[in-house]
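A.B. asks: In our numbering, the protein residues as written are 205 to 490. Right, I'll just put the structure down here and ask away after.
And the structure:
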């Protein structure tokens, strides 16, 4: 009975999450999708309530958490994460179906209908995910290498940091222009894409990433500590965004993370060596 009560609480909590998210939606299709899922969860709650003979309050902390995640990361990420958090639901239905045959229909609802509805969500953050990845990937690959090379060529944190910022700002404008042109081509196939918005996502993701990578050089004087901190930030940024995309688009986190980390750190290692060679060959000593 305790497990049924927990499931009952989950159903009413998710009902409140979906219906409150629907109020925040500007997209009519998204609003309708969320209300449909919410109504389904309310029906599930009523079924379990009839069995237990009890009313259970929603988990207010969970409701606030998912509302916050939606505002920051978008609908698709928050809803996919919520579905991942219900990994024990299958085992619950396995145990309960023999006693309550209707549970098999509820399992089908949970596994099929909700996934289908969530797949219809029109999330602008995912529409422009390609633009964000374009800016983020290029910044990580180019500037882990650039900053590593400059570290060993100049051995001066302030010079490396300011040089990186100037180069990053100029490169972000170039990347924004590239993002605009690339999205103009996509616009013919996807009317939801706005080339100007795509360019802004690309440019800001690029300069934002560069600013984070340069920060360790501006906060302390030891070039090797700054390099270590910069590479650590690189791995954290890759892990964070890869996790976001993996959850929102249901992709493999491990493969994408290892691939991107290997490329960025590999470029940094090569640049590390090139910077050292240049310093000794040309006698650079700043």
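Yeah, the Cβ is synthetic: ideal placement off N, Cα and C, and Gly gets one too.
Rounded to the nearest angstrom, what separates residue 301 and residue 217 at their Cα positions?
C.D. replies: Within the chain shown, residue 301 is the residue found at index 97, counting from 1. Within the chain shown, residue 217 is the residue found at index 13, counting from 1. When rounded, the distance between both Cα atoms is 22 Å.
A.B. asks: Which stretch, first to last residue, makes up the alpha helix (DSSP H) that contains residue 342?
C.D. replies: As a first step, residue 342 must be located in the chain shown, where it is residue number 138. Residues 333 to 358.
A.B. asks: Evaluate residue 502 with the Cβ neighbour count: other Cβ atoms within 10 Å of its Cβ, from every protein chain shown; 16 or more gives buried, anything less gives exposed.
C.D. replies: With the chain covering only 205 through 490, there is no way to say anything about residue 502.
A.B. asks: Of the choices 358, 374, 336, 249, whose alpha-carbon is the least far from that of residue 314?
C.D. replies: Indexing the chain shown from 1 puts residue 314 at position 110. The shortest C-alpha separation from residue 314 is found at 249.
A.B. asks: Across the region 421 to 437 and the region 353 to 365, are there enough close Cβ pairs to call them in contact, namely three or more that are closer than 8 Å?
C.D. replies: The region 421 to 437, when compared against the region 353 to 365, does touch it at the 8 Å Cβ threshold.
A.B. asks: Taking the alpha carbon of residue 206 as the point to measure from, which residue in 258, 227, 241 has its own alpha carbon closest?
C.D. replies: The sequence position of residue 206 within the chain shown is 2, counting from 1. Answer by Cα proximity: 258.
A.B. asks: With C-beta atoms as the reference, is residue 276 less than 8 Å away from residue 344?
C.D. replies: Working through the chain shown from its first residue, we reach residue 276 at position 72. Working through the chain shown from its first residue, we reach residue 344 at position 140. Their beta carbons are not under 8 Å apart, which means residue 276 does not touch residue 344 by this criterion.
A.B. asks: Per the contact definition of three or more C-beta pairs closer than 8 Å, is the region 376 to 384 in contact with the region 402 to 413?
C.D. replies: The region 402 to 413 is in contact with the region 376 to 384.
A.B. asks: Nearest-angstrom Cα distance between residue 373 and residue 222?
C.D. replies: Taking the first residue of the chain shown as position 1, residue 373 is located at position 169. Taking the first residue of the chain shown as position 1, residue 222 is located at position 18. Rounded to whole angstroms, residue 373 to residue 222 spans 41 Å at the Cα level.
A.B. asks: Within 10 angstroms of the Cβ of residue 463, are there 16 or more other Cβ atoms? Answer buried if so, exposed if not.
C.D. replies: Working through the chain shown from its first residue, we reach residue 463 at position 259. When all chains shown are included, residue 463 counts as exposed.
A.B. asks: Label residue 490 either buried or exposed according to how many other C-beta atoms from any shown protein chain fall within 10 Å of its C-beta, with 16 as the threshold for buried.
C.D. replies: Position 286 of the chain shown, counted from the first residue, corresponds to residue 490. With a pLDDT of 49 at residue 490, under the threshold of 50, the predicted position of this residue should be treated as unreliable, though the coordinate-derived value follows. Its Cβ having fewer than 16 others within 10 Å, residue 490 is exposed.
A.B. asks: By Cβ distance, which residues of its chain are closer than 7 Å to residue 388, with the 5 residues on each side in sequence left out?
C.D. replies: In the chain shown, counting from the first residue as 1, residue 388 sits at position 184. Answer for residue 388: 399, listed in chain order.
A.B. asks: For residue 369, collect the residues of the same chain with a Cβ closer than 8 Å to its Cβ; drop the 5 residues on either side in sequence, then sort them by chain order.
C.D. replies: Mapped onto the chain shown, residue 369 falls at position 165. For residue 369, where only same-chain residues beyond five positions count, the Cβ hits under 8 Å are 414, 415, 418.
A.B. asks: When you compare the CB positions of residue 213 and residue 263, do they come within less than 8 Å of one another, or not?
C.D. replies: Here the question's residue 213 lines up with position 9 in the chain shown. Here the question's residue 263 lines up with position 59 in the chain shown. The answer is yes: Cβ separation under 8 Å.
A.B. asks: Where residue 499 and residue 474 are concerned, what is the direct C-alpha to C-alpha distance, given to the nearest angstrom?
C.D. replies: With the chain running from 205 to 490 in the structure shown, residue 499 is simply not present.
A.B. asks: Quick check: what's the CA-CA separation for residue 227 versus residue 220?
C.D. replies: Taking the chain shown and counting its residues from 1, the one referred to as residue 227 is at position 23. Taking the chain shown and counting its residues from 1, the one referred to as residue 220 is at position 16. In a straight line, the C-alpha of residue 227 is about 11 Å away from that of residue 220.
A.B. asks: Cβ atoms of residue 469 and residue 348: under 8 Å apart, would you say?
C.D. replies: To locate residue 348, count along the chain shown from 1; it is residue 144. To locate residue 469, count along the chain shown from 1; it is residue 265. Yes; because the gap between Cβ atoms is below 8 Å, this pair is in contact.
A.B. asks: Give the straight-line distance between the Cα atoms of residue 261 and residue 385, rounded to the nearest whole angstrom.
C.D. replies: On the chain shown, residue 261 is found 57 positions in, with the first residue counted as 1. On the chain shown, residue 385 is found 181 positions in, with the first residue counted as 1. If I take the Cα positions, the gap works out to 52 Å.
A.B. asks: What do you get for residue 456, buried or exposed, if any count of 16 or more other CB atoms within 10 angstroms of its CB means buried?
C.D. replies: For the purposes of this step, residue 456 is taken as the residue at position 252 of the chain shown. By the 10 Å Cβ count, residue 456 comes out exposed.
A.B. asks: Taking 8 Å as the cut-off, decide whether the C-beta atoms of residue 431 and residue 352 are in contact.
C.D. replies: In the chain shown, residue 431 corresponds to position 227, counting from 1. In the chain shown, residue 352 corresponds to position 148, counting from 1. Yes, Cβ-Cβ distance for residue 431 and residue 352 is below 8 Å.
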